[in-house]
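Enquirer: Heads up, the final residue of the sequence shown is numbered 167 in UniProt numbering, and it's a clean run with no missing numbers.
The structure's right below; bear with me while I get my questions together.
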Amino acid sequence: MVRINAYLPAVFLYVAATVAAVADPVVGANFHELFEERCLSCHGHAGPFMRDHVTLDENTLTSSRGQSLDDFLDHHAGGLSAPEKALFLDVFRAQITSEGLFESKCRNCHDRAFEFARLRLAIRDDRLVGRYSGNDIAEFLTRHGRLSGSEAQQMTNALRALLQGRR
């Protein structure tokens, strides 16, 4: 009886996580998986599309046709769930405010940011590091790619967010 009681908290957490993943399609998924599955074939990659066709004014995203993206995403192509929509809007805002930093400073030598992060980087001990070198990326970027200090920090945050499915 003691052994069963010792495992109950772990079993409860496992069941709760499984139920949450089924109830919320965003849990365990990431923005790129969702966007590429639902949007890529018509809109291309999200960053360039957002920067070319959407404006951001005081946290409100507006399409080139003057429509609020918050409202538009409720019905476009079948609509998004509330958690999916929140994720998409957060990522879209970040892609617009980044002003294409990766594209302008890194893309000449590196793959797309998502592929680069997925294949070359890792998060270890809450630090973004090179997957194989173990180098701290925040520190490395201060002397790589002609990035300013603020650009290096912005890039570190963006690459970390990509690995965490938030970008």
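Glycine included, every Cβ here is placed at the ideal spot set by N, Cα and C.
From a predicted model like this one, the values you see are computed outputs, not experimental measurements.
Can you give the Cα-Cα distance for Met50 and Glu99, rounded to whole angstroms?
Expert: Here residue 50 is taken as the residue at index 50 of the sequence shown, counted from 1. Here residue 99 is taken as the residue at index 99 of the sequence shown, counted from 1. Answer to the nearest angstrom: the Cα atoms are 10 Å apart.
Enquirer: Does DSSP put Ser41 in a helix, in a strand, or in coil?
Expert: On the sequence shown, position 41 is the one that residue 41 refers to. It is helical.
Enquirer: Hey, which unbroken runs of the alpha helix (DSSP H) at 4 residues or more fall wholly within the stretch 48 to 118?
Expert: Qualifying alpha helix (DSSP H) stretches, in chain order: 69 to 72, 82 to 97 and 101 to 105.
Enquirer: Pick out whichever of Thr97, Arg124 and Arg112 has its Cα sitting closest to the Cα of Thr60.
Expert: For the purposes of this step, residue 60 is taken as residue 60 along the sequence shown, with counting starting at 1. Cα-wise, what sits closest to Thr60 is Thr97.
Enquirer: Check whether the Cβ atoms of Leu163 and Ala94 lie closer than 8 Å to each other.
Expert: As a position in the sequence shown, residue 163 is number 163, starting the count at 1. As a position in the sequence shown, residue 94 is number 94, starting the count at 1. No, they are not a contact pair.
Enquirer: Need the endpoints of the alpha helix (DSSP H) that Leu159 sits in, please.
Expert: Here residue 159 refers to the residue found at position 159 of the sequence shown. Counting along the chain, the alpha helix (DSSP H) containing Leu159 begins and ends at Gly149 to Leu163.
Enquirer: Okay, do the stretch 104 to 123 and the stretch 144 to 161 touch, 3+ Cβ pairs below 8 Å being the bar?
Expert: Yes, the stretch 104 to 123 is in contact with the stretch 144 to 161.
Enquirer: Is the Cβ of Asp136 closer than 8 Å to any Cβ of chain D?
Expert: This model lacks chain D altogether, as it is built from one protein chain only.
Enquirer: Using the Cα positions of Gly134 and Ser64, report the straight-line distance between them to the nearest angstrom.
Expert: Counted from its first residue, the sequence shown places residue 134 at position 134. Counted from its first residue, the sequence shown places residue 64 at position 64. Between Gly134 and Ser64, the C-alpha separation is close to 43 Å.
Enquirer: Once you ignore the five residues that flank Ala152 on each side, which residues in its own chain have a CB closer than 6 Å to its CB?
Expert: As a first step, residue 152 must be located in the sequence shown, where it is residue number 152. Result list for Ala152: Leu141 and Thr142, in chain order.
Enquirer: Could you give the distance in angstroms between the alpha-carbon of Val129 and the alpha-carbon of Ala138?
Expert: Translated into positions along the sequence shown, residue 129 becomes position 129. Translated into positions along the sequence shown, residue 138 becomes position 138. The alpha-carbon atoms of Val129 and Ala138 are separated by roughly 8 Å.
Enquirer: Helix, strand or coil: which one does DSSP assign to Asp24?
Expert: As a working mapping, residue 24 is identified with position 24 in the sequence shown. The predicted model places Asp24 with a pLDDT of 43, which falls under 50 and marks its position as unreliable; any figure quoted below should be read in that light. If DSSP states are grouped into helix, strand and coil, Asp24 belongs with coil.
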